[in-house]
Amino acid sequence: MLSNIVSSQIETHRRFGGVVPEIASRKHVESITLIVQEALTEAGVSRRDIDAVAVTQGPGLIGALLVGVVAAKSLALALDVPLIGTHHIAGHIYANRLIGDIVYPALALVVSGGHTELVLLPEEGVFRIVGRTRDDAVGEAYDKVARALSFPYPGGPHVDKLAQQSEEEIVLPRAWLEEGSYDFSFSGLKSAVLAEINRSKMKGLDPDFAALARGFQNSVVDVVTTKAMKAAAEFGARQLLLCGGVAANRGIRERLAARCEEAGLPMLVPPMSLCSDNAAMIGAAAELKWRRGQFSSLDLAAAAQVSLEEWSV
Amino acid sequence: MTNGNKRTAGDHPLMLCFDTSTAVLAAAVCRGAEVLASRHSHAERNHAVRIVSDLKALLEEAGGEEIDGIAVGRGPGSYTGVRIGVSAAKTLAWAWDKPLVGLSSLETLAMAAGPYLRGDKQATETAAFATRHAERPVWVVPIMDARRGQVYGARFGTTDGSVWHRLDEDAIRLIGEWGPSLAACAGEAGALLVFVGEIGPHAAALEALVGAVALPLAIDAGEMGRLAAARLAIGLVDDVHGFAPNYTQLTEAETKLGDGARTEGQA
Ligand SMILES: [Zn+2]
Chain A
988 MLSNIVSSQI ETHRRFGGVV PEIASRKHVE SITLIVQEAL TEAGVSRRDI
1038 DAVAVTQGPG LIGALLVGVV AAKSLALALD VPLIGTHHIA GHIYANRLIG
1088 DIVYPALALV VSGGHTELVL LPEEGVFRIV GRTRDDAVGE AYDKVARALS
1138 FPYPGGPHVD KLAQQSEEEI VLPRAWLEEG SYDFSFSGLK SAVLAEINRS
1188 KMKGLDPDFA ALARGFQNSV VDVVTTKAMK AAAEFGARQL LLCGGVAANR
1238 GIRERLAARC EEAGLPMLVP PMSLCSDNAA MIGAAAELKW RRGQFSSLDL
1288 AAAAQVSLEE WSV
Chain B
55 MTNGNKRTAG DHPLMLCFDT STAVLAAAVC RGAEVLASRH SHAERNHAVR
105 IVSDLKALLE EAGGEEIDGI AVGRGPGSYT GVRIGVSAAK TLAWAWDKPL
155 VGLSSLETLA MAAGPYLRGD KQATETAAFA TRHAERPVWV VPIMDARRGQ
205 VYGARFGTTD GSVWHRLDED AIRLIGEWGP SLAACAGEAG ALLVFVGEIG
255 PHAAALEALV GAVALPLAID AGEMGRLAAA RLAIGLVDDV HGFAPNYTQL
305 TEAETKLGDG ARTEGQA
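Same order as they appear, the protein sequences are chains A and B. When the count follows my numbering, it moves up by one through the first sequence with no breaks and lands on 1300 for the last residue. When the count follows my numbering, it moves up by one through the second sequence with no breaks and lands on 321 for the last residue.
Right, here's the structure in full:
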C-alpha cells in the first residue's frame, strides 16, 4: 500500500441526520479526480506507472457507485490498462491481507453500517456466505439506537462508549433465530430499546440511557461473537477475520478477541483506517483477480446488489 | 501533437464531445464543424454501462488520433445522467492532460436546430422555417422535461443557425407560465419562436402558443464540435478538478434544510 486517500462526507451528511444519496453522489463527482491525483502524489507515482484500475462495482448506493465506475472505466480507457470491478465486502475482508497473511480456511465476520455477514473462505479468493442479517445491519442498529438515545449522527460510537462506561445494565433479548442458523436479526432489539424508553416515560421517569446502551451492546456482542465462534468451529476455520467499519466497536472487538484466545483461534483485525470504507482494501481484493488475469470489460455496470459468492475468483 | 499528423496552425482542434443528460447518449469526434465520427443511442438507463466503450469505439472509428480536448454537456438534465457525462469527461481530461470544455446541455440541445436553420437538413415544419428568410430573428428554446409541468429551459437567438447568442439563463421553469410569456415577447420582437427537445410531455401547452414551432429534436453531438472549438479557441476552458454538473436545483434535502432555517429565522 503506497497511499490510501479517503474523502469523507460525514460533516456534510451530519447536517441531514444521515447519508443523503443524492448529495453523496454530487460530492463524489466534485472530488473524484482530485482524490485520484492525491493518491498518486502521495504514492510518488505518475499516471503512466498505473498497471490496472480497481473500482467498487457494488454493493452500495447506486448513484455513488455510478460515479466511481464511470470514472474508473474512463481512467482504464485513457491509460489503456485493465479494469477490475471489485466487490465491496471482498474489499473489507481482504483489508486483512494488508496487515498479515490469511490462513485458509478462514472465517470473516463483516460488521458495518450496511452489512453484517459471516463469510467462509475455504481457500484464497473464494467466498461462501454462511450467515447474514435478515433486517438491520449491526452499524444501522447502533445508529438507530443512538438516535433513540438522542446522540447526533453517526451515533454508533457514542453508544459503544456509553455502554463501556455504564455500571448498570437493562438486560435485553437476544435474537438467536432458529437452531443452527448463522443469520442475524437486530430490528427486534432496536424495538426493545424503544419500548424501554417509552415505558420509563409513561411512568414519568427519565430512561436510564447508559443501562440501555449497555444492555443493547451486550445483546449484540453476545449474539455476534457466539455465532462467529460456532461457525468457526463447525467449518474448521484456522483464522478469524474481523472487518468492516463497526470492527472499531470496542465491545465487539474485545469480546471476540477474548473468545478467540480461549479457543486458540488466531484473529486478525485491521487498524481503524482500513476498517472503515477505503480504497486500499479495494486494491487488496482486486489483486486476487489481477494475479489470475481476471479483468472486467469497459461495459462494467455498477450495481446496488452484487453477489459476493459469484465474485469469487 | 506527437503522432506526426500534418497539422497547420489554422487547423481546428480535434475534440471528443459527448452529452448524457437526456435519454440520448450523444457522442462525436469533431474537428471544428467537421464530424469525423458520431453515435447517438437511446437508452437512458444504460448510459453508465455504455459510455466508455462507446467513446472507445468512436475514437477508433475517427482514426485513433490523439485528441486535443474534451467537451461535455454539464447539465441541466437527468441528475444521474449529467453525473455520468461529467465524471467521464473530468477523468479523461485529467488522465490525458487535455483541456476540458463544459457546455450547457440546453445550449447543445438548442444547437440541434442549427442544421435546419442553416438549411443543411429539412424539417417537416419547413413552412414555418421559410418565414425566417425575411431576416426574422429566431429564438430557439431548448426544453427538457423536469416533471410536474416543469421544464429545464433556456433561450438562444440566431438568424442563420451559425452564430448564436444566449437570451435566457438555464433554469427550471413552469412551462404553463413561461411558454405564454415567451410567445408574447416573440410577438412583440417579431421573432420566430422554436421549441426543441422533449416536446412530448408538454405538447398541449406548446400547441396553445400562437406562432410557435415545436421540433422534437435530440442533442446532436456533432453540433457540439463547433461550439467546443469556438470556446477552446478563446480559452474558455474549465478547471478539471473543480468541474461539476449544473443541476440548476438544490437537492430536496438541501431545500428542506433551507426552508427549516428560514422558518426558524422568522420565528
Ligand atoms: Zn463498507
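Note that beta-carbon positions come from the ideal geometry of N, C-alpha and C, so glycine has one too.
Following a CB-centred definition, is residue i positioned closer than 7 Å to any heavy atom of ligand 1?
{"i": "G946(A)", "result": "Coverage of chain A is limited to positions 988 through 1300, which leaves residue 946(A) absent and any answer about it impossible."}
{"i": "G1101(A)", "result": "yes"}
{"i": "D1130(A)", "result": "no"}
{"i": "H1075(A)", "result": "yes"}
{"i": "D1123(A)", "result": "no"}
{"i": "H1079(A)", "result": "yes"}
{"i": "D1209(A)", "result": "no"}
{"i": "D1264(A)", "result": "yes"}
Distance, Cα to Cα, residue i vs residue j?
{"i": "G312(B)", "j": "T1212(A)", "result": "44 Å"}
{"i": "Q1152(A)", "j": "T1043(A)", "result": "38 Å"}
{"i": "E1274(A)", "j": "H1079(A)", "result": "13 Å"}
{"i": "A307(B)", "j": "C71(B)", "result": "33 Å"}
{"i": "P1160(A)", "j": "L1227(A)", "result": "26 Å"}
{"i": "R1001(A)", "j": "L1192(A)", "result": "30 Å"}
{"i": "N331(B)", "j": "V1117(A)", "result": "Outside the displayed range of chain B (55 to 321) lies residue 331(B), so it cannot be described from this structure."}
{"i": "L1085(A)", "j": "T1103(A)", "result": "21 Å"}
{"i": "T309(B)", "j": "P196(B)", "result": "26 Å"}
{"i": "P1194(A)", "j": "P1139(A)", "result": "18 Å"}
{"i": "L25(B)", "j": "A284(B)", "result": "Lying before the first or after the last residue shown, residue 25(B) is absent from chain B, which here runs from 55 to 321."}
{"i": "R316(B)", "j": "F1003(A)", "result": "Note that R316(B) scores 44 on pLDDT, short of 50, meaning its location in the model is unreliable; the coordinates nonetheless yield the value given after this. Distance between the alpha carbons of R316(B) and F1003(A) is about 16 Å."}
{"i": "P270(B)", "j": "P153(B)", "result": "32 Å"}
{"i": "S995(A)", "j": "G296(B)", "result": "17 Å"}
{"i": "L1285(A)", "j": "E120(B)", "result": "20 Å"}
{"i": "D1038(A)", "j": "P1069(A)", "result": "7 Å"}
{"i": "L221(B)", "j": "T1020(A)", "result": "33 Å"}
{"i": "N59(B)", "j": "D108(B)", "result": "Any reading at N59(B) must be qualified, since the residue scores a pLDDT of 47, below 50, and its modelled position is unreliable; the value itself is stated next. In a straight line, the C-alpha of N59(B) is about 24 Å away from that of D108(B)."}
{"i": "A1220(A)", "j": "A1095(A)", "result": "13 Å"}
{"i": "A63(B)", "j": "V83(B)", "result": "Unreliable placement is indicated for A63(B), whose pLDDT of 45 sits below 50; the coordinate value is still reported in the next sentence. The alpha-carbon atoms of A63(B) and V83(B) are separated by roughly 20 Å."}
{"i": "Q1012(A)", "j": "G244(B)", "result": "The sequence given here places Ser at residue 1012(A); Gln does not occur at that position. The alpha-carbon atoms of S1012(A) and G244(B) are separated by roughly 44 Å."}
{"i": "L160(B)", "j": "H1015(A)", "result": "24 Å"}
{"i": "G207(B)", "j": "D224(B)", "result": "6 Å"}
{"i": "E1029(A)", "j": "G215(B)", "result": "49 Å"}
{"i": "G203(B)", "j": "L1053(A)", "result": "29 Å"}
{"i": "I1010(A)", "j": "T212(B)", "result": "37 Å"}
{"i": "A1325(A)", "j": "P1141(A)", "result": "Here chain A covers residues 988 to 1300 and nothing more, so residue 1325(A) does not appear."}
{"i": "C1201(A)", "j": "G139(B)", "result": "For clarity, residue 1201(A) is Arg in the given sequence; the question names Cys instead. R1201(A) and G139(B): Cα-Cα distance of roughly 49 Å."}
{"i": "S1263(A)", "j": "V1233(A)", "result": "8 Å"}
{"i": "G1101(A)", "j": "A237(B)", "result": "52 Å"}
{"i": "G319(B)", "j": "S1187(A)", "result": "Residue placement at G319(B) is flagged as unreliable, the pLDDT there being 35, under the threshold of 50; a coordinate-derived value is accordingly withheld."}
{"i": "E998(A)", "j": "G1126(A)", "result": "18 Å"}
{"i": "A282(B)", "j": "V194(B)", "result": "19 Å"}
Tell me, to the nearest whole angstrom, how far the beta carbon of residue i is from that of residue j; I am working on the premise that it is less than 8 Å.
{"i": "G156(B)", "j": "D292(B)", "result": "5 Å"}
{"i": "V1057(A)", "j": "A142(B)", "result": "5 Å"}
{"i": "F210(B)", "j": "A266(B)", "result": "Going by Cβ atoms, the distance from F210(B) to A266(B) rounds to 15 Å, so no, they are not a contact pair."}
{"i": "A97(B)", "j": "L79(B)", "result": "7 Å"}
{"i": "V1132(A)", "j": "V1180(A)", "result": "5 Å"}
{"i": "A1077(A)", "j": "A1224(A)", "result": "Not quite, the Cβ-Cβ distance comes to about 17 Å (not below 8 Å), so this is no contact."}
{"i": "I1071(A)", "j": "K1276(A)", "result": "5 Å"}
Does the count of Cβ pairs from the region 250-270 of chain B and the region 218-237 of chain B closer than 8 Å reach three? With the cut-off at 8 Å, the region 250-270 of chain B and the region 218-237 of chain B touch.
For the region 1167-1175 of chain A against the region 1114-1123 of chain A, are there 3 or more C-beta pairs whose distance is under 8 Å? Yes, they touch.
Inter-stretch contact at 8 Å, needing at least 3 Cβ pairs: the region 1253-1271 of chain A / the region 1056-1066 of chain A: Contact between the region 1253-1271 of chain A and the region 1056-1066 of chain A is absent: fewer than three C-beta pairs spanning the two stretches fall below 8 Å.
Determine, using beta-carbon pairs with one atom in the region 1007-1025 of chain A and one in the region 136-149 of chain B, whether at least three such pairs fall under 8 Å. Touching, yes, given that three or more Cβ pairs across the two stretches are closer than 8 Å.
Could you tell me whether the region 1276-1296 of chain A touches the region 1041-1055 of chain A, where touching means 3 or more Cβ pairs closer than 8 Å? Yes, the region 1276-1296 of chain A is in contact with the region 1041-1055 of chain A.
Mind the definition here: the region 164-175 of chain B touches the region 113-123 of chain B only if three or more C-beta pairs lie below 8 Å; say whether that holds. No: fewer than three Cβ pairs fall under 8 Å.
Are at least three pairs of beta-carbons, each pair with one atom in the region 117-137 of chain B and one in the region 69-89 of chain B, less than 8 Å apart? In short, these stretches touch, since the Cβ pair count reaches three.
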